[in-house]
């Protein structure tokens, strides 16, 4: 039969331990290792992360615990395709991390999961998105949801996310090496979204690296073009994995206050 696909996936250096018995009488106690994945998708993100309270208890009294022996960051990835590739290549074996995707704009369960991982593992959240206004807006939603989302908006489930890439400064460095076909003109809707991102009251700019973020978005606007993450595969099949790995290592060695992620 048909079954609904989850709105998000996660995998990597994380262990989920559940303890309890469902109303049906089924004992679901046990642990799941996020590195022992049977498919590139990894583990589905479900409503249990919304239902789980501050004491780790979900509906029905099921206890859910998260732990990690060595994860150094949570890497939130805008696009499912890029997430699948990094999962399949097991980036987390090269650099201990947790990969998460909300398949575009994250739903409440995905934001709740990221919020839980950040608060309980005490590791930074890094964002990877297309070099366009839409991608930046996806990262901004993890940071702070809009008031239009009611009780689920604002800072509920918000986390201080650092913008790892793909930023305009990265694209500028590679411009001569990429084919012109990967560059797309910004649309009228893109410009409107950029103006919203640059508003003084936009929560995404309310961070330690406010001016660096602002400059990156302004440079994107002034350039007149946008680019998708997949364009990096023109540099070779292993380029994106190595590019991300190098940035994560540099950030780990120099400290998270360096401008590797802003």
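In our numbering, the protein residues as written are 87 to 348.
Idealized CB from N, CA, C, for every residue including glycine.
Please read these numbers as outputs of a predicted model, since none were measured by experiment.
Query, Result
"Residue 156 versus residue 311: straight-line alpha-carbon distance, rounded", "39 Å"
"Option in 340, 229, 251 and 269 with minimal Cα separation from residue 329", "251"
"Nearest-angstrom Cα separation, counted from residue 164 out to residue 216", "7 Å"
"Residues bridged to residue 103 (per DSSP)", "117 and 151"
"Nearest to residue 143 (by Cα), restricted to the options 223, 229, 317 and 103", "103"
"Beta-carbon proximity of residue 185 to residue 161, cut-off 7 Å", "yes"
"First and last residue of the uninterrupted beta strand (DSSP E) at residue 320", "It is not in any beta strand (DSSP E) - residue 320 carries neither H nor E in the DSSP assignment."
"Selected residue, minimal CA-CA separation from residue 92, among 246, 275 and 166", "166"
"Distance, residue 302 Cα to residue 88 Cα", "Its pLDDT being 48, under 50, residue 88 is placed unreliably in this model, and the value from its coordinates should be taken loosely. If you take the alpha carbons of residue 88 and residue 302, they lie about 43 Å apart."
"Buried or exposed (CB count within 10 angstroms, at least 16 for buried), residue 231", "buried"
"Beta-bridge partners of residue 293, as assigned by DSSP", "According to DSSP, which records beta bridges pairwise, residue 293 is partnered with nothing at all."
"Residue 160 in three-state terms, based on DSSP", "strand"
"Cβ separation of residue 315 and residue 223, assumed to be a contact under 8 Å, to the nearest whole Å", "With 8 Å as the limit, residue 315 and residue 223 do not qualify as a contact, their Cβ atoms being about 15 Å apart."
"Environment of residue 343 [buried if 16+ CB atoms lie within 10 Å]", "For residue 343, the predicted structure reports a pLDDT of 49, less than 50, and the residue's modelled location is therefore unreliable. The matter cannot be settled from this model."
"Coil, strand or helix - residue 108 by DSSP", "coil"
"Check whether residue 254 and residue 244 have beta carbons under 7 Å apart", "no"
"Between the CA atoms of residue 218 and residue 276 - distance to the nearest angstrom", "8 Å"
"Contacting residues, own chain, Cβ-Cβ under 8 Å from residue 129 (five flanking each side not counted)", "95, 96, 97, 102, 118, 120 and 123"
"Completely contained alpha helix (DSSP H) runs for the stretch 195-236, where each covers 4 or more residues", "219-229"
"Residues that residue 270 bridges to, as DSSP identifies them", "312"
"Nonlocal neighbours in the same chain, by C-beta distance under 7 Å from residue 271, ignoring five residues either side", "310 and 311"
"Cβ contact (3+ pairs, closer than 8 Å) linking the stretch 285-299 and the stretch 190-205", "no"
"Buried versus exposed, by CB contacts within 10 Å (16 or more), residue 177", "buried"
"Cβ-Cβ separation, residue 106 to residue 134 (assumed contact under 8 Å), whole Å", "In fact, because the Cβ distance is near 11 Å, the residues do not count as touching under 8 Å."
"Reference residue 171, options 126, 334 and 99, closest by Cα", "126"
"Neighbourhood of residue 138 by C-beta distance below 6 Å, restricted to the same chain and skipping five residues each side", "144 and 150"
"Residue 192 vs residue 99 beta-carbon contact at 7 Å", "no"
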